[in-house]
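Asks: First residue of the sequence shown? That's 24 in our numbering, and the numbers climb one at a time after it.
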Amino acid sequence: MRGTNLEEADLRGANLYGADLRGANLYGADLQGADLQGVDFTRADLQGAALCGAKLRGAQLQGVDLRGVNLQEANLQGADLRGANLLGADLRYANLQEADLYGTNLKEADLYGTNLQEANLQVAYLGGANLWGAKLQGAKLQGDDLRGANLNLADLRNTDLRGVSFKGVEGLSPGQLINAKNVHLASDLPFSLQDVILAKQLAAMEDGI
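1. Taking just the CA atoms, how far does Gln-217 sit from Leu-104?
2. Please name the residue, chosen from Cys-75, Gly-191, Gln-100 and Gly-86, that lies closest to Leu-94 on a Cα-to-Cα basis.
3. Who are the Cβ neighbours of Asp-167 in its own chain at under 8 Å, not counting the five residues just before and after it?
4. Give me the Cβ distance between Ala-82 and Leu-99, rounded to the nearest whole Å; I'm assuming they're in contact under 8 Å.
5. Just checking: is the beta-carbon of Asn-38 within a distance shorter than 8 Å of some beta-carbon in chain D?
6. Which of the three DSSP states is assigned to Asp-230 in this structure?
7. Can you grab the Cα-Cα spacing for the pair Gly-51 / Leu-221, in whole Å?
8. Given the structure, does Ala-42 come close to the ligand ZN, in the sense that its CB is under 7 Å from one of the ligand's heavy atoms?
9. Please identify the residue among Ala-42, Gly-156 and Asn-128 whose C-alpha is closest to the C-alpha of Thr-137.
10. In angstroms with no decimal places, state the Cα-to-Cα distance between Leu-79 and Leu-225.
11. Among Ala-42, Gln-160, Asn-108 and Ala-77, which has the Cα closest to the Cα of Ala-57?
12. Determine the DSSP secondary structure at Asp-211, reduced to helix, strand or coil.
13. Can you look up Asp-167 in the DSSP assignment and give me helix, strand or coil?
14. Just the C-alpha distance for Leu-84 and Phe-64, rounded to the nearest angstrom, thanks.
Laid out in structure tokens, this is it:
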């Protein structure tokens, strides 16, 4: 199927497990609920595609243009998304656990409730992204730009914050960082490091009650 033209094709629920779709034209295709595990999408055109609930575990999506794509509740565990363009993509409740998102553009993406545990998000751009309730435990965020992102109730336990820019973020509280790593090496926090220390002490006192 390499290089095939599937523009606006109805592939809902299709089984394309392990298919070679390098360079394929999937513009506007409906792939909702499709089994796309291990598929190679290198250089494929997926703009405007519907991938809601699709199974994309281990898929190769490096450098792919996914601007505005609907990936709500999709399973992208372990997928390779290095350098992909996910500007404005809908990733609500998607599973991106252990996915490689190095250098990915996630500007203004909707990551509400998304599972990003152990994901590689180094030098990714998350400006204006909605990370409300996102699970970021153990994620690699080194060098990320989070300016203007919404971090309400985001779980940042064991997350490495070296070089992360928090300029203009919304909803971030000191308590969210008490178990994060290298908080002192992050920049533009909306509160002081002392506030984080106090929150940690308060949490320890409450645990001891």
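Quick reminder that beta carbons are idealized off the backbone N, C-alpha and C, glycines included.
Replies: Well, looking at it:
1. For the purposes of this step, residue 104 is taken as residue 81 along the sequence shown, with counting starting at 1. For the purposes of this step, residue 217 is taken as residue 194 along the sequence shown, with counting starting at 1. Taking the straight line from one Cα to the other gives about 37 Å.
2. On the sequence shown, residue 94 is found 71 positions in, with the first residue counted as 1. Among Cys-75, Gly-191, Gln-100 and Gly-86, the Cα nearest to that of Leu-94 is on Cys-75.
3. For the purposes of this step, residue 167 is taken as the residue at position 144 of the sequence shown. Hits under 8 Å: Leu-144, Gln-145, Val-146, Ala-147, Tyr-148, Leu-149, Gly-186, Val-187 and Ser-188.
4. If you number the sequence shown from 1, residue 82 lands on position 59. If you number the sequence shown from 1, residue 99 lands on position 76. That pair is a contact at about 7 Å.
5. Absence of chain D from the displayed structure is noted, only one protein chain being present.
6. Taking the first residue of the sequence shown as 1, we reach residue 230 at position 207. Three-state result, Asp-230: helix.
7. Taking the first residue of the sequence shown as position 1, residue 51 is located at position 28. Taking the first residue of the sequence shown as position 1, residue 221 is located at position 198. Near 51 Å, if we compare the C-alpha coordinates of Leu-221 and Gly-51.
8. As presented, the structure is devoid of all ligands, the ligand ZN included, so that no description of it is given.
9. The count along the sequence shown starts at 1 and reaches residue 137 at position 114. Closest by alpha carbon: Gly-156.
10. Your numbering for residue 79 matches position 56 in the sequence shown. Your numbering for residue 225 matches position 202 in the sequence shown. So the two alpha carbons sit approximately 42 Å from each other.
11. Residue 57 sits at position 34 when you count from the first residue of the sequence shown. Comparing Cα positions, the closest option is Ala-77.
12. Taking the sequence shown and counting its residues from 1, the one referred to as residue 211 is at position 188. Coil at Asp-211, not helix or strand.
13. By 1-based counting over the sequence shown, the position of residue 167 is 144. Coil.
14. Residue numbering aside, residue 84 sits at position 61 when the sequence shown is read from its first letter. Residue numbering aside, residue 64 sits at position 41 when the sequence shown is read from its first letter. Those two C-alpha atoms are separated by around 5 Å.
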